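First residue of the sequence shown? That's 1419 in my numbering, and the numbers climb one at a time after it.
Taking it in order: structure first as structure tokens, then the write-up.
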Amino acid sequence: MEQYERIGVRNIMEEIVYEKMDKIVNSLECCTCEKCQADIAAYVLNHVAPRYVASEKGELFSKVQEMTQNNETEIVMKIVSAAEIIKGSPRHAR
Ligand SMILES: [Zn+2]
């Protein structure tokens, strides 16, 4: 993990998915507990192509914004369908 931090390679899809989820989670009619949210994020991230970047923080931010604009619809659709699936088989305690 230390090496990962040192070389500064990040999958910016993670930032994008988390940010989008935050914004639309209340309209998903899905459980908002930590487990379900993590499951949704994992599902989406397994179904979009990763975008690894090696950048400084400032640069990272503009890349995230650019990627968000270009992929917003696809990501939102994937979050919505992930929420449907997780809702159907939640892993949290009932
Ligand atoms: Zn839950």
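Idealized CB from N, CA, C, for every residue including glycine.
Remember, predicted model here, so these are calculated numbers, not experimental data.
Query, Result
"Between Met-1485, Glu-1490 and His-1510, which has its C-alpha nearest Lys-1518's C-alpha?", "Nothing about residue 1518 can be reported from this structure: the residues present for the chain run from 1419 to 1512 only."
"Could you check if Val-1462 is buried or exposed, using at least 16 other CB atoms within 10 Å of its CB as the buried criterion?", "buried"
"Could you check what DSSP says for Val-1498 in three-state terms: helix, strand or coil?", "helix"
"Buried or exposed for Ser-1451, going by 16 or more other Cβ atoms inside 10 Å?", "Sequence check: residue 1451 is Cys here, not Ser. The residue is exposed, with fewer than 16 neighbouring Cβ atoms inside 10 Å."
"Here's a check: name, in chain order, each residue in its chain whose Cβ is nearer than 7 Å to the Cβ of Tyr-1436, leaving out the five neighbours to either side.", "Ala-1459"
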